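Trainee: Take a look at the following structure, please.
Residue numbers (full-length UniProt numbering): 1 to 556.
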């Protein structure tokens with residue numbers, strides 16, 4: 001089989017104007033970025049405002065494993081399959097980050113014959129949204145340091161600067177740095193650090209903002225520092241939010257591309273899922289719901305992170321109501337959760353499958369806690385046996401979840417028709433009674449404990465002394481009633497990546513708490529989660545190349 005990039009480069013793409021026309025988007029609402037990419041205008045939102053919403057389908061997964069689950073691939077394949085069975089469907093996904101693209105995880109454009117294209121553009125610079133977010137964030141940082149250099153009228157305490165610079169690249173050397181070294185004119189020396197762009201609050205704000213006015217207001221609320229008396233200093237106090245909005249005005253517009261099978265796709269925004277809230281922008285999802293009868297979207301990593309934040313943060317702020325959850329798993333991943341080494345996953349092992357399937361069970365039960373019907377999608381591999389697949393099907397049906405096999409990686413939309421039909425039938429026969437997990441009026445501690453006990457199945461939560469101190473400051477600012485965004489390892493239901501399956505008798509340790517005031521949530525840091533990843537010993541960048549004709553190779 002061809003590689004992902006070979007499949008994408010051999011694809012026949014439609015001019016993006018044709019994709020837009022199939023959605024009845026007028027020419028004046030299309031802002032072209034070459035032949036195959038476009039942004040959609042602000043006026044389009046206004047034109048579609050009175051149009052009823054389509055059905056919202058969330059694709060999520062079990063905890064990721066080295067065996068691979070293929071959540072984005074299934075999202076793309078499901079959209080294509082719905083399109084094939086005559087359903088007007090729009091796909092809404094996140095934008096990839098250059099960090100994982102050149103690091104270890106890879107891109108976020110799907111795989112095999114279920115991809116969004118132009119794949120190289122989407123995985124690299126795309127329409128410049130990531131660069132705009134990086135620039136807006138770092139403008140605020142520059143204005144903060146310049147204010148302290150130029151007299152510090154706001155009396156900012158340089159020891160209590162909360163803002164971090166960002167870069168859309170994995171670079172561990174920037175995790176802890178010292179800036180302002182040199183002479184007097186070179187700034188005030190202080191400790192600083194970088195985050196990856198997709199972990200920044202500016203990214204989260206872009207994805208949660210409803211329009212330009214809301215974007216500017218949210219940017220102004222970013223907590224940048226405290227003054228010498230312990231009072232908060234916000235971006236608006238520095239007068240920075242207007243210029244930041246100017247940098248982001250085009251980035252706020254959703255990007256239109258297509259799948260290999262010409263299904264329309266809105267790719268917009270990309271907050272990290274184990275650090276931020278892990279969903280594409282509210283604006284893109286809402287636009288997809290207006291443009292199609294079905295919107296397929298996804299949330300990052302397993303449902304304990306991505307779906308929980310999709311429901312409790314994105315749906316809460318966006319007024320969204322999901323109609324169905326598609327929960328992706330593989331036989332191999334479930335056996336891995338049952339203790340089988342990666343090298344032995346191709347051998348039938350029903351005992352390991354029975355042990356590992358408890359991970360899938362927790363995710364099914366968790367999704368039902370939100371009142372949304374569940375369809376389990378098993379991403380099929382050639383090594384899967386009939387006995388293994390039959391066991392999983394019976395197990396899912398015993399929990400009241402529908403079950404379907406998918407082969408979209410190898411067959412595209414045709415390999416997802418069974419799943420598409422099950423999803424449509426589920427939406428028609430099992431109405432969603434969606435509700436969020438917690439009331440924001442609960443204290444931060446109570447909200448974290450509810451998530452930990454009901455979603456992770458922990459015995460409780462322990463807050464370290466630094467976390468308690470940070471939380472007291474957040475409560476003093478009157479921000480304890482915001483939703484919480486838990487930063488946790490994606491590999492386990494616990495905060496320990498080594499605990500697979502369904503861990504028992506554990507507590508979640510909160511080591512720090514930070515306020516994303518503009519985004520509108522409190523970030524709870526657990527385990528050893530870092531907001532600036534590093535490159536592996538052999539990063540993907542070593543395989544990526546470009547020939548003298550501009551043809552890219554090695555990009556997956």
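Every residue, glycine too, gets a C-beta built ideally from N, C-alpha and C.
As the structure is a computational prediction, the values presented were derived from the model and not from experiment.
Taking the CB atoms as reference points, tell me whether residue 451 and residue 437 lie closer together than 8 Å.
Mentor: Taking 8 Å as the Cβ cut-off, residue 451 and residue 437 qualify as a contacting pair.
Trainee: Determine, using beta carbons only, whether residue 290 and residue 51 come nearer to each other than 8 Å.
Mentor: Yes, they are a contact pair.
Trainee: Excluding the five sequence neighbours on either side, which residues of its own chain have a C-beta within less than 6 Å of the C-beta of residue 70, listed in chain order?
Mentor: Answer for residue 70: 379, listed in chain order.
Trainee: Can you check which of these residues, 205, 372, 459, 125, is closest to residue 96 by C-alpha distance?
Mentor: Ranking the options by Cα distance to residue 96, first place goes to 125.
Trainee: Would you report the Cα separation of residue 114 and residue 260, rounded to the nearest angstrom?
Mentor: Looking at the two C-alpha atoms, the distance is approximately 7 Å.
Trainee: Three-state secondary structure (DSSP) at residue 263?
Mentor: Residue 263 falls in the coil class under three-state DSSP.
Trainee: What whole-angstrom Cβ distance do residue 475 and residue 223 have, given they're in contact under 8 Å?
Mentor: Incorrect: roughly 14 Å between the Cβ atoms, too far for contact.
Trainee: Is the Cβ of residue 357 closer than 8 Å to any Cβ of chain C?
Mentor: Note that chain C does not occur in the displayed structure, where there is just one protein chain.
Trainee: Inspect the beta-carbon positions of residue 234 and residue 253 and report whether they are closer than 8 Å.
Mentor: No, they are not a contact pair.
Trainee: Kindly provide the ranges of any beta strand (DSSP E) runs that are 3 or more residues long and lie completely inside the region 390 to 443, ordered along the chain.
Mentor: Runs of the beta strand (DSSP E) inside the region 390 to 443: 402 to 406.
Trainee: Quick one: grab the DSSP three-state call for residue 75.
Mentor: Reduced to three states, the DSSP call for residue 75 is helix.
Trainee: What's the gap between the Cα of residue 281 and the Cα of residue 381?
Mentor: Taking the straight line joining both Cα atoms gives about 32 Å.
Trainee: Just how far apart, CA to CA, sit residue 246 and residue 201?
Mentor: Between residue 246 and residue 201, the C-alpha separation is close to 17 Å.
Trainee: Measure from the alpha carbon of residue 332 to the alpha carbon of each residue in 315, 354, 316, then state which is nearest.
Mentor: The residue with the shortest Cα to Cα distance from residue 332 is 354.
Trainee: Across which residues does DSSP place residue 255 in a beta bridge pair?
Mentor: According to DSSP, which records beta bridges pairwise, residue 255 is partnered with 39, 267.
Trainee: For residue 232, write down the residues that DSSP places opposite it in a beta bridge.
Mentor: DSSP output for residue 232 lists 226 as bridge partner(s).
Trainee: Does residue 343 come out as helix, strand or coil in the three-state DSSP assignment?
Mentor: Correct three-state label for residue 343: helix.
Trainee: Please classify residue 433 as buried or exposed, where buried requires at least 16 neighbouring CB atoms within 10 angstroms.
Mentor: Exposed, by the Cβ-count rule.
Trainee: Can the beta-carbon of residue 485 be found less than 8 Å from the beta-carbon of residue 276?
Mentor: For residue 485 and residue 276, yes; Cβs fall inside 8 Å.
Trainee: Please say whether residue 288 and residue 328 have beta carbons closer to each other than 8 Å?
Mentor: It is not a contact, given that the beta carbons lie outside the stated cut-off.
Trainee: Does the Cβ-Cβ distance between residue 538 and residue 510 come in under 8 Å?
Mentor: It is not a contact, given that the beta carbons lie outside the stated cut-off.
Trainee: Would you mind reading off the limits of the beta strand (DSSP E) that contains residue 167?
Mentor: Its beta strand (DSSP E) spans residues 165 to 167.
Trainee: Can you give me the C-alpha to C-alpha distance between residue 422 and residue 370, rounded to a whole angstrom?
Mentor: For residue 422 and residue 370, the distance between alpha carbons rounds to 20 Å.
Trainee: How far does the beta strand (DSSP E) with residue 192 in it extend, from its first residue to its last?
Mentor: That run of the beta strand (DSSP E) goes 190 to 192.
Trainee: Would a C-beta distance cut-off of 8 Å place residue 519 and residue 208 closer than the cut-off?
Mentor: A contact, by the Cβ cut-off of 8 Å.
Trainee: Going by DSSP, what residue range makes up the beta strand (DSSP E) through residue 485?
Mentor: That run of the beta strand (DSSP E) goes 484 to 487.
Trainee: Between 531, 497, 503, 534, which has its C-alpha nearest residue 64's C-alpha?
Mentor: For the residues 531, 497, 503, 534, the minimum Cα distance to residue 64 belongs to 497.
Trainee: By alpha-carbon positions, which one of 535, 13, 525, 489 ends up nearest to residue 300?
Mentor: That would be 489, whose Cα lies nearest to the Cα of residue 300.
Trainee: Given this structure, state the Cα-to-Cα distance separating residue 178 from residue 171, to the nearest angstrom.
Mentor: Roughly 15 Å between the two C-alpha positions.
Trainee: Let me check one thing: in DSSP terms, what residues is residue 376 bridge-paired to?
Mentor: The partner list for residue 376 (beta bridge, DSSP) reads 327, 403.
Trainee: Check the DSSP bridge columns for residue 521 and list the partner residues they point to.
Mentor: The partner list for residue 521 (beta bridge, DSSP) reads 516.
Trainee: Does DSSP put residue 464 in a helix, a strand or coil?
Mentor: Here residue 464 sits in coil by DSSP.
Trainee: Tell me the DSSP secondary structure of residue 315 in three-state form.
Mentor: Of the three classes helix, strand and coil, the one that applies to residue 315 here is helix, per DSSP.
Trainee: What did DSSP end up calling residue 141 once you bin it into helix, strand or coil?
Mentor: Residue 141: helix per DSSP, three-state reduction.
Trainee: Check whether the Cβ atoms of residue 375 and residue 326 sit closer than 8 Å, and answer yes or no.
Mentor: It is a contact, given that the beta carbons lie within the stated cut-off.
Trainee: Nearest to residue 349 by CA position, among 386, 459, 308, is which residue?
Mentor: It is 386 whose Cα lies nearest to the Cα of residue 349.
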